[in-house]
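Residue numbers 0 to 276, in numbering that gives the first Met the number 0, belong to the letters of the sequence shown in order. We put the beta carbon where it would ideally sit given N, CA and C, even for glycine. Keep in mind the model is a prediction, meaning the values are calculated, not measured.
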Amino acid sequence: MKQVFLNNGTEIPEIGFGTWQMTEGVKKTVKTALKAGYTHIDTADIYGNEAQIGEAIEESGIDRKTLYLTTKIWNSNRSAAGVQQSVEQSLKKLRTDYIDLLLIHWPANEKQFTNWKDINAETWKAMEKLTKCGTVRSIGVSNFLVPHLTALLETAEVVPAVDQIEFHPGYTQSETVEFCREEGIVIEAWSPIGSGRLLKDPELKAMADRYGVSPAILCIQFCLQAGAVVLAKSENPEHIKNNLHFERFHISHSDMKALKNLKESGFSGMHPAKVDF
Ligand SMILES: NC(=O)c1ccc[n+]([C@@H]2O[C@H](COP(=O)([O-])OP(=O)(O)OC[C@H]3O[C@@H](n4cnc5c(N)ncnc54)[C@H](OP(=O)(O)O)[C@@H]3O)[C@@H](O)[C@H]2O)c1
0 MKQVFLNNGT EIPEIGFGTW QMTEGVKKTV KTALKAGYTH IDTADIYGNE
50 AQIGEAIEES GIDRKTLYLT TKIWNSNRSA AGVQQSVEQS LKKLRTDYID
100 LLLIHWPANE KQFTNWKDIN AETWKAMEKL TKCGTVRSIG VSNFLVPHLT
150 ALLETAEVVP AVDQIEFHPG YTQSETVEFC REEGIVIEAW SPIGSGRLLK
200 DPELKAMADR YGVSPAILCI QFCLQAGAVV LAKSENPEHI KNNLHFERFH
250 ISHSDMKALK NLKESGFSGM HPAKVDF
């Protein structure tokens, strides 16, 4: 699988397997994904499925060292003690002694906290510490917009390796993407298919037909071609396989532009500066 270099010299597989909202049957689905050849799995404390993912990996017999595991610190653990406790739990559940990539799941935001900068800075400091003892190989953020990143960089010793943001046709967060490019932060695309909402978009469907691919594959190729690491989710064995092994193709410049400007039919409705969770 093609790898993408991160700013700390490590590599991340360009396609990861998403596991959000996957609890029932997640063990079986992750085993299917591992068998299909995925080496990169994206989970989070809040998904409530780390233990089943740990079991799936162990039962698959695949060497842990060949896998890339991402998990995330939930909002209730945005503190030094919270990070420590959350990572200890994640390690236990995932049945591993290190995490490849640890993310702050959502920034403490300006809507909820007057001291949001301090909360994010303290959380980040604790994560930096974990990279020094090898428990965590790389650290990054998720759902950070330019103001959150700018504030974090004022005190950070380590520049985030990635920013995992909502990114798909019709919702591409150009300002954040441009800022990350300048700072050497890799973009990871969450909900590349808009959690399935984009499959119904007629314009996208027509373009997919023109390229002779499915709308889902057009979304994944769009994200890859835009330079993002892609996290796609599926519970269907055929889709799981196709999303990883489809023949790469080239989307023309004008079609990339049209996909970028597609109407926001895939948007989740979750804006990092406005959410109250
Ligand atoms: N950091 C964050 O805050 C955050 C937020 C949201 C998501 N994420 C991450 O991003 C991952 C992906 O996002 P997502 O879970 O919202 O879903 P998604 O990957 O955008 O879309 C999943 C939907 O697309 C369908 N699908 C997938 N491949 C398909 C194919 N080849 N053909 C037809 N349909 C297909 C799936 O149905 P089938 O099961 O039928 O294939 C499912 O309904 C998450 O699982 C999670 O790991 C992170």
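Contact between the stretch 67 to 75 and the stretch 95 to 115 is present: three or more C-beta pairs spanning the two stretches fall below 8 Å.
Contact annotation: Ile186 and Gly226 have beta-carbon atoms nearer than 8 Å.
Secondary structure note for Asp99: its beta strand (DSSP E) is the uninterrupted segment 98 to 103. DSSP, read as helix, strand or coil, puts Arg247 in coil. Spatial neighbours of Leu144 in its own chain (CB-CB distance under 7 Å, excluding positions within 5 residues in sequence) are listed in chain order as Thr175, Pro271, Ala272. Spanning the alpha carbons of Thr28 and Pro12 requires a straight line of approximately 19 Å. For Tyr37 and Phe16, the gap between their C-alpha atoms comes out near 7 Å. Of the residues Glu49, Asn119, Ile118, Leu101, the one whose Cα lies closest to the Cα of Lys92 is Glu49. For Ser173, the three-state secondary structure derived from DSSP is helix. Excluding residues up to 5 positions away in sequence, Ala79, Val82, Gln83 lie with their Cβ nearer than 7 Å to the Cβ of Ala125 in the same chain.
With respect to the 8 Å criterion, His39 and Ile61 are not classified as neighbours on the basis of their beta carbons. Of the other Cβ atoms in all chains shown, 16 or more fall within 10 Å of the Cβ of Cys179; this residue is therefore buried.
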